[in-house]
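Enquirer:
Shown next as structure tokens:
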């Protein structure tokens, strides 16, 4: 099985869960996605659909057999695309706090921000000034991302995976933190409605978005359930 981490995270997030599975005789590999941890940036910007294609050679190098993929957050969207486009490579999925369905914006960007973006597009505001505006109004992930990785982030948050979800036929377990405010539970509930195969939704009480760190045993249990099917 393979672990895929979330945005701005790394493979180390799964150390505890991987060790627990190893003690039970289940081998796994945790990968640093391109641009994070020890993996270099991709050469072009793109979201989970690009990352899924970049991941395929690594999966092929691990084994020829279908894998269980466990994807947290951004890693969950990448796992979903891999399972949709190359179902022969995937035995089952565990999707954890993954932004699978783009949620409607609750409000527009502040007028001051939109005005400055317009001025920058017209060449009337310098790159340095618009970056200062982005640092003021952008999300935490956006502010921390730079260069190509920022373009990857923008591509990712503008993708939605309804079409991929509707093609999945392998077993899928959703594991979600009760208090996840980054990717709320309704995302998992809506995603589950699109699936045509066996699926299960486990809500973990008292846990937020970083479930692999807060409740690694839940991931171990999900993997064992899928392997037992």
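Numbering (the working numbering), first residue to last: 782 to 1010. Even glycine gets a Cβ: it sits at the ideal position worked out from N, Cα and C.
Quick check on the burial criterion: 16 or more other C-beta atoms within 10 angstroms. Buried or exposed for residue 825?
Expert: Here residue 825 refers to the residue found at position 44 when the chain shown is read from its first residue. By the neighbour-count rule (16 or more Cβ atoms within 10 Å), residue 825 is not buried but exposed.
Enquirer: Measure the alpha-carbon distance for residue 940 versus residue 930 and round it to whole angstroms.
Expert: Your numbering for residue 940 matches position 159 in the chain shown. Your numbering for residue 930 matches position 149 in the chain shown. Rounded to whole angstroms, residue 940 to residue 930 spans 16 Å at the Cα level.
Enquirer: If you follow the alpha helix (DSSP H) that residue 848 is part of, which residue opens it and which one closes it?
Expert: As a working note, residue 848 is residue 67 in the chain shown. DSSP places residue 848 in no alpha helix (DSSP H) but in the uninterrupted beta strand (DSSP E) bounded by 848-853.
Enquirer: DSSP three-state label for residue 958, please.
Expert: One-based indexing of the chain shown puts residue 958 at position 177. DSSP places residue 958 in strand when its eight states are reduced to three.
Enquirer: Give me the Cα-Cα distance between residue 989 and residue 996, rounded to the nearest whole angstrom.
Expert: For the purposes of this step, residue 989 is taken as residue 208 along the chain shown, with counting starting at 1. For the purposes of this step, residue 996 is taken as residue 215 along the chain shown, with counting starting at 1. Cα-Cα distance, rounded: 10 Å.
Enquirer: Report all residues from its chain with a CB closer than 6 Å to the CB of residue 795; omit the five preceding and five following residues, and keep chain order.
Expert: Taking the chain shown and counting its residues from 1, one reaches residue 795 at position 14. So the list reads 784, 811 and 993, once near-sequence residues are dropped.
Enquirer: Going by C-alpha distance, which of 832, 806 and 788 is nearest residue 1008?
Expert: Sequence index remark: in the chain shown, residue 1008 carries index 227 (1-based). Looking at the Cα atoms, 806 is the closest of the given residues.
Enquirer: When burial is assigned at 16 or more other CB atoms within 10 Å of the CB, is residue 999 buried or exposed?
Expert: Here residue 999 is taken as the residue at index 218 of the chain shown, counted from 1. With 16 or more Cβ atoms within 10 Å of its Cβ, residue 999 is classed as buried.
Enquirer: Cβ atoms of residue 857 and residue 879: under 9 Å apart, would you say?
Expert: Translated into the one-based positions of the chain shown, residue 879 becomes position 98. Translated into the one-based positions of the chain shown, residue 857 becomes position 76. Their beta carbons are under 9 Å apart, which means residue 879 touches residue 857 by this criterion.
Enquirer: With DSSP as the reference, label residue 983 as helix, strand or coil.
Expert: Your numbering for residue 983 matches position 202 in the chain shown. If DSSP states are grouped into helix, strand and coil, residue 983 belongs with the strands.
Enquirer: Put residue 783 into one of helix, strand or coil per three-state DSSP.
Expert: As a first step, residue 783 must be located in the chain shown, where it is residue number 2. In this structure, residue 783 counts as strand in the three-state DSSP scheme.
Enquirer: Would DSSP call residue 805 helix, strand or coil?
Expert: Looking up residue 805 in the chain shown gives position 24. In the structure shown, residue 805 sits in coil (DSSP, three-state: anything other than H, G, I, E or B).
Enquirer: Do residue 1019 and residue 977 have their C-beta atoms within less than 9 Å of each other?
Expert: The structure shown does not extend to residue 1019, since the chain spans only 782 to 1010, so no value can be given for it.
Enquirer: May I ask you to report which of helix, strand or coil DSSP gives residue 830?
Expert: Residue numbering aside, residue 830 sits at position 49 when the chain shown is read from its first letter. DSSP places residue 830 in helix when its eight states are reduced to three.
Enquirer: Closer than 7 Å by C-beta to residue 798: which residues in its own chain qualify, once you throw out the five before and the five after it? Chain order, please.
Expert: Taking the chain shown and counting its residues from 1, the one referred to as residue 798 is at position 17. Here the set comprises 993, 997, 1000 and 1001.
Enquirer: Which of helix, strand or coil does DSSP assign to residue 991?
Expert: Against the chain shown, residue 991 aligns to sequence position 210. It is coil, neither helix nor strand.
Enquirer: From this set, 937, 802 and 907, which residue's C-alpha is nearest residue 884's C-alpha?
Expert: Position 103 of the chain shown, counted from the first residue, corresponds to residue 884. The candidate whose alpha carbon is nearest that of residue 884 is 937.
Enquirer: Report yes if the C-beta distance between residue 968 and residue 882 is below 9 Å; otherwise report no.
Expert: Translated into positions along the chain shown, residue 968 becomes position 187. Translated into positions along the chain shown, residue 882 becomes position 101. Yes, they are a contact pair.
Enquirer: According to DSSP, is residue 1014 helix, strand or coil?
Expert: Examination of residue 1014 is not possible in this model, given that the chain is present from 782 through 1010 alone.
Enquirer: Could you spell out where the beta strand (DSSP E) holding residue 812 opens and where it closes?
Expert: For the purposes of this step, residue 812 is identified with residue 31 of the chain shown, where counting begins at 1. Where residue 812 is concerned, the enclosing beta strand (DSSP E) starts and stops at 810-812.
Enquirer: Which residue wins for smallest C-alpha separation from residue 832, given the options 845, 862 and 808?
Expert: Residue 832 sits at position 51 when you count from the first residue of the chain shown. Comparing Cα positions, the closest option is 862.
Enquirer: So what does DSSP say about residue 924, is it helix, strand or coil?
Expert: The residue labelled residue 924 in the question sits at position 143 within the chain shown. Helix at residue 924.
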